[in-house]
Amino acid sequence: MSMPIEKLELGLIASPAGALRFTLDDPLKGVLDNTEYPLGGGSVFVDVTDRVRRFGVSRGRSGLFTSFPAGQVNVEFNNHDRAFDPLFGSSPFAGDIVPRREIRITSGTTIVYTGWIDDWNYSYLPDGDSVAEAIGYDAISILSGQTLTGGTPTSQLTGARVNAVLNDVNWSSSLRNIDAGQALLSAAPIDADTNAMAYLQQIASSEPGFVFVAKDGNLTFLDRSQSPSTGSFVTFGGTGVPFQNLDVLYGSDNLYNQVIASRVGGGTATATDLDSVTDYGLRSLSQTDLLLNSDTDLAELALVLTQRYSVPEYRFNSLEVGLHKLDSSQQDEILGMEIGSIARVLFTPNGIGDAIDRYVQVISINHTVNPESHYVEFGFQSVDAAYLVLDDPEFGKLDTYSLSW
94 MSMPIEKLEL
104 GLIASPAGAL
114 RFTLDDPLKG
124 VLDNTEYPLG
134 GGSVFVDVTD
144 RVRRFGVSRG
154 RSGLFTSFPA
164 GQVNVEFNNH
174 DRAFDPLFGS
184 SPFAGDIVPR
194 REIRITSGTT
204 IVYTGWIDDW
214 NYSYLPDGDS
224 VAEAIGYDAI
234 SILSGQTLTG
244 GTPTSQLTGA
254 RVNAVLNDVN
264 WSSSLRNIDA
274 GQALLSAAPI
284 DADTNAMAYL
294 QQIASSEPGF
304 VFVAKDGNLT
314 FLDRSQSPST
324 GSFVTFGGTG
334 VPFQNLDVLY
344 GSDNLYNQVI
354 ASRVGGGTAT
364 ATDLDSVTDY
374 GLRSLSQTDL
384 LLNSDTDLAE
394 LALVLTQRYS
404 VPEYRFNSLE
414 VGLHKLDSSQ
424 QDEILGMEIG
434 SIARVLFTPN
444 GIGDAIDRYV
454 QVISINHTVN
464 PESHYVEFGF
474 QSVDAAYLVL
484 DDPEFGKLDT
494 YSLSW
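According to our numbering, the sequence shown is numbered sequentially starting from 94.
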């Protein structure tokens, strides 16, 4: 058991001393249309791992009905030689320490973060210690600054609408991973200058599904038909991956016995579970500005959400894994997980009684890394309402998982 090999790269114009620039007549660097030695010194990734003190990555959302914010990275570099000082002309990266440079982090052989640096901060201590801190965000921060041209779309499934939005802002087709979608959206007009990310979040709420940026930088849309399988998830506890710092919630944070939903260009639907109101008091959830095609679809969504969330939930909220404490195969399992992944958690409180066995879906992934350790924290939501999977020993149980809705 040991630390996975960590690698941090910055998308600089050139490597130190210009080694990655196109060079005429050079048999390697002078090949036209290559990507490693670009003509004109285009952005290339430079390995700066040996200058890193520590870094942290935070991706995902904190709650069941919240949107996914931009994933964030914080990196602390040694800056004793002023390599990251934008005013130092003798820096090996002179001219390249500016905002909006790409950053990519790899652990083992798996990319764990892709984004752009927004800010550089510097600390100079009396003892001569010098630190440069880079703060970056993923592509959600880019899309949050884009606006749509406006117009009247066709009535289409959510996945097609996501692709239409991305096409409108010229988002590369190679940087997206989009499910087809299950909900039909209306042809309600889109105002000019509508914020692209805000509209994508409207689409996700209308499904309901996930819109986020994956660790490899792809804009990802997961629709509500995600079908887990007992043969494809990580097990925490038992004979599976060991964990620590388990956080369990049991209460009303995800208790909603009345759902009020409204749609753009349409009506409002209200669904109420009166028995739950009697038992727990009124807990109302408002879902506004949905893009659904009909009031019938709106009423169905309100009803399904009320049925799902009208009782208190005992939920494994988060847990932490010491990646450096695992063998290589377990490290690969953990690093292979992504937002939307399904996991199983087995936990026996204080070692007393039978194990509590729950299936969960990942909604956040955080990395905290220094030279001696690499911790990964996962945040979860329950998957009791997942689609039924025929012939699966767990997710194929009748009266437990949904046929459709």
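Even for Gly, the Cβ is constructed at its ideal location relative to N, Cα and C.
For residue 465, count neighbouring Cβ atoms within 10 angstroms of its own Cβ and tell me buried if that reaches 16, exposed if not. Counting C-beta atoms within 10 angstroms of its own C-beta, residue 465 has fewer than 16 neighbours from the protein chains shown and is therefore classed as exposed.
C-alpha distance - residue 312 paired with residue 413, whole-angstrom precision: Approximately 26 angstroms between the Cα atoms of the pair.
Integer Cβ distance of residue 458 from residue 153, believed to fall under 8 angstroms: About 6 angstroms separates the two Cβ atoms, so the contact holds.
For residue 352 and residue 389, believed in contact at Cβ under 8 angstroms, the rounded distance: Not really, about 15 angstroms apart at Cβ, beyond 8 angstroms.
Just checking my contact of residue 281 with residue 419 at CB under 8 angstroms: how many whole Å lie between their CB atoms? By a beta-carbon distance limit of 8 angstroms, residue 281 does not contact residue 419. Their separation comes to about 49 angstroms.
Euclidean distance between Cα positions of residue 442 and residue 451: Near 14 angstroms, if we compare the C-alpha coordinates of residue 451 and residue 442.
Is it true that the CB of residue 243 sits closer than 7 angstroms to the CB of residue 63? The structure shown does not extend to residue 63, since the chain is modelled only from 94 through 498, so no value can be given for it.
Report the residue from 251, 467, 191 and 223 whose alpha carbon sits nearest the alpha carbon of residue 501. Beyond the ends of the chain as shown, which are 94 and 498, falls residue 501; an answer cannot be given.
Checking the sheet assignment: what are the DSSP bridge partners for residue 100? Within the DSSP secondary-structure output, residue 100 pairs in a beta bridge with 199.
For a minimum of 3 consecutive residues, which ranges assigned as the beta strand (DSSP E) are wholly contained in the segment 338 to 367? Complete beta strand (DSSP E) runs here, min 3: 351 to 356 and 361 to 365.
Taking just the CA atoms, how far does residue 421 sit from residue 94? Near 7 angstroms, if we compare the C-alpha coordinates of residue 421 and residue 94.
Boundaries of the beta strand (DSSP E) in which residue 275 is found, first to last residue: Secondary structure note for residue 275: it is in no beta strand (DSSP E), with a DSSP letter that is neither H nor E.
Beta-carbon spacing of residue 315, residue 433 below 7 angstroms: Residue 315 places its beta carbon less than 7 angstroms from that of residue 433.
Quickly, what does DSSP pair residue 520 with across the bridge? List them, please. With the chain represented from 94 up to 498, any question about residue 520 goes unanswered, as that position is not in the structure.
Label residue 115 either buried or exposed according to how many other C-beta atoms from any shown protein chain fall within 10 Å of its C-beta, with 16 as the threshold for buried. Residue placement at residue 115 is flagged as unreliable, the pLDDT there being 48, under the threshold of 50; the coordinate-derived value follows with that caveat. Under this definition residue 115 is a buried residue.
Just grab the DSSP bridge partners of residue 212 for me. Beta-bridge pairing links residue 212 to 228.
Please classify residue 133 as buried or exposed, where buried requires at least 16 neighbouring CB atoms within 10 angstroms. Below a pLDDT of 50, predicted positions are generally treated as unreliable, and residue 133, at 44, falls in that range; the measurement from the model is reported next regardless. With fewer than 16 neighbouring CB atoms inside 10 Å of its own CB, residue 133 falls in the exposed class.
Within 10 angstroms of its Cβ, does residue 192 collect 16 or more other Cβ (buried), or is it exposed? Burial is judged here by how many other beta carbons sit within 10 angstroms of a residue's own beta carbon; residue 192 has fewer than 16 and is exposed.
What first and last residue would you give for the beta strand (DSSP E) that runs through residue 413? First-last of the beta strand (DSSP E) with residue 413: 406 to 415.
Measuring CB to CB, does residue 230 end up less than 7 angstroms from residue 212? Not closer than 7 angstroms, so no.
My output table needs one value for residue 247: the three-state DSSP class, helix, strand or coil. Residue 247: coil per DSSP, three-state reduction.
So, do the segment 289 to 298 and the segment 256 to 273 have three or more beta carbon pairs nearer to each other than 8 angstroms? Verdict: yes, contact present.
Given 8 angstroms as the limit, is there contact between the segment 272 to 281 and the segment 212 to 229, that is, 3 or more CB pairs closer than that? In short, these stretches do not touch, since the Cβ pair count stays below three.
So the candidates are 472, 206, 404 and 166; which of them puts its Cα closest to the Cα of residue 437? When 472, 206, 404 and 166 are compared, the shortest CA-CA separation from residue 437 is found for 472.
Using the three-state DSSP reduction, which class does residue 398 fall into: helix, strand or coil? Residue 398 falls in the helix class under three-state DSSP.
Checking 7 angstroms against the spacing of the C-beta atoms, do residue 408 and residue 342 come in under that value? Yes, they are a contact pair.
Can you tell me the Cα-Cα spacing of residue 335 and residue 140, whole angstroms? Residue 335 and residue 140 have their C-alpha atoms spaced approximately 32 angstroms apart.
Collapsed DSSP secondary structure at residue 476 in the structure displayed: Residue 476 falls in the coil class under three-state DSSP.
In whole angstroms, what is the alpha-carbon distance linking residue 346 and residue 394? Spanning the two alpha carbons is a distance of roughly 20 angstroms.
Give every residue of the same chain whose Cβ lies closer than 7 angstroms to the Cβ of residue 358, excluding the five residues on either side of it in the sequence, and list them in chain order. Within the same chain, residue 358 has close Cβ partners 279 and 281.
Name the two residues that bound the continuous alpha helix (DSSP H) containing residue 293. Start and end: 289 to 299.
When 163, 158 and 355 are compared against residue 207, the one with the closest alpha-carbon: When the alpha-carbon of residue 207 is set against those of 163, 158 and 355, the nearest one is in 163.
Alpha carbon to alpha carbon, how far is residue 404 from residue 97? Give it in angstroms, no decimals. Cα to Cα, the separation comes out at about 42 angstroms.
Between residue 240 and the rest of its own chain, which residues show a CB-CB distance below 7 angstroms, the 5 nearest in sequence each way excluded? Only 286, 287, 288 and 289 meet the Cβ criterion.
For residue 283, tell me which candidate among 167, 382, 392 and 150 has the shortest Cα-Cα distance. Selected option, being the one with the closest Cα: 382.
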